[in-house]
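Colleague: One structure, pasted below without further comment.
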Amino acid sequence: MHLEDVVISRAIIETYSRELLEALESDVAVVGGGPAGLVAAYYLARAGKKVVLFERKLSIGGGMWGGGMMFNHIVVQDQALPILQEFGVNCRTFTAGYYTASAVEAVAAIALGAVRAGARIFNCISVEDVMVRENRITGLVINWTPVEMAGLHVDPLAVSCSYVIDCTGHDAQVASVVVKKLGPVLKTPSGGIEGEKPMWAARGEDFVADNTGEVYPGLFVAGMAASAVRGGHRMGPVFGGMLLSGRRVAELILAQINP
Ligand code: 48H
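According to the numbering used here, the sequence shown is numbered sequentially starting from 92.
If you want it as structure tokens, here you go:
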């Protein structure tokens, strides 16, 4: 078969442009494609919501690929095991209550689950700001990551959504920009970013599950961003809390949509 180079280009440009146009208005925009963001996108898309996920890097998966110190296995505890199993990830019992899984298999399976559920993932796009109307987050301001990396002065574009989930990990980038632009308006003790505490896996895992939620009208935090915003301990390479937080934030948003 004779392949036309320009037809290949047109196929990519037209398909991508159509999807980006469709992403201009969504029910939920997830910022960050680490484990928490991918799991949240999966459960929301599975419930029939229009979900877009913006990931700054070329690859999704966030901090999960590297397991602990690049030993690319993750540990999960009992409560989170059903989530990994729902994605078909092969989990092995290490000792009572501790299970291991390949970090590579886990990222690949969760990402595939999210995409097949209907979430649209845009990689290489960074969220740099939010849209606010009458004290509610109503959308995101996005730009190509290479623009940001090269320090080019290129103005961004805006997308609207009913809910934003900050799943940007340790830096809690969306919540941080809200505090920078609007002051200490978050539902936290100080109104600002409380900051992550030192390693304590047991405390950190409980905290992240309990503190996943809405921090400003229309803005939810999940995963490590929830720990950073609300002041929880870090937990190292146990990933159950991230998975449970992703599922929890989806449940909270669905409950707001259908009270
Ligand atoms: C678009 C962005 C932006 C932006 C960042 O770090 P992550 O893996 O986050 P979680 O919360 O899903 O998982 C945290 C886990 O990986 C971890 O770090 C743990 C458990 N640490 C414990 C410890 O003790 O250290 O993923 C966040 C994603 C990344 O892929 C970023 O590239 C992306 O968000 N991101 N995407 N716009 N402004 N900022």
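Think of the CB as a built atom: it goes at the ideal place given N, C-alpha and C, for glycine as much as any other residue.
1) So, under 8 Å CB-CB, A319 and H261 are touching, yes? Tell me the CB distance rounded to an integer number of Å.
2) With F162 as the anchor, note down where its alpha helix (DSSP H) starts and where it stops.
3) Looking at V306: is its Cβ nearer than 8 Å to the Cβ of V312?
4) Only counting the same chain, and skipping five residues up and downstream in sequence, which positions put a Cβ closer than 6 Å to that of R147?
5) Distance, Cα to Cα, A200 vs P247?
6) Can you name, in chain order, every residue of its own chain whose Cβ lies under 7 Å from the Cβ of V206, other than the five neighbours on each side?
7) What distance in whole Å lies between the Cβ atoms of G230 and A210, which are believed to be in contact at a cut-off of 8 Å?
8) Extract the residue ranges of the alpha helix (DSSP H) inside the segment 119-163, only unbroken runs of 4 or more that lie entirely within it.
9) Grab the span of the alpha helix (DSSP H) containing V180 for me, first residue to last.
10) Between the beta-carbon of A194 and the beta-carbon of N163, is there less than 8 Å?
11) Going by DSSP, what residue range makes up the alpha helix (DSSP H) through I212?
12) Mind checking which residues open and close the beta strand (DSSP E) that includes G337?
13) Is P328 closer than 8 Å to I412 when the C-beta atoms are compared?
14) In the segment 186-260, which residue ranges form an unbroken alpha helix (DSSP H) of at least 4 residues, counting only runs that do not cross its ends?
15) Are the CB atoms of C258 and A316 nearer to each other than 8 Å?
16) With a 10 Å radius around its C-beta and 16 neighbouring C-beta atoms as the bar for buried, classify R227 as buried or exposed.
17) For S150, which residues in the same chain have their Cβ closer than 8 Å to its Cβ, ignoring the five residues on either side in sequence?
18) Rounding to the nearest angstrom, what Cα-Cα distance links G286 and R338 in this structure?
19) Helix, strand or coil for K278 per DSSP?
20) Considering only heavy atoms of ligand 1, does any lie closer than 7 Å to the CB of R325?
Modeller: Per the coordinate set shown:
1) 6 Å
2) F162 -> no alpha helix (DSSP H), and no H or E assigned at all.
3) yes
4) S217 and T236
5) 32 Å
6) I212
7) The pair is not a contact, with the Cβ atoms about 18 Å apart (cut-off 8 Å).
8) 126-137
9) Looking at the DSSP string, V180 is not in any alpha helix (DSSP H), and its letter there is neither H nor E.
10) yes
11) It is not in any alpha helix (DSSP H) - I212 instead sits in the beta strand (DSSP E) that spans R211 to N214.
12) From DSSP, G337 is part of no beta strand (DSSP E) but of the alpha helix (DSSP H) over G331 to I348.
13) Look at the range of the chain in this structure, 92 to 350, and you will see that residue 412 is not part of it.
14) 194-208 and 236-241
15) yes
16) exposed
17) W156 and N214
18) 23 Å
19) coil
20) yes
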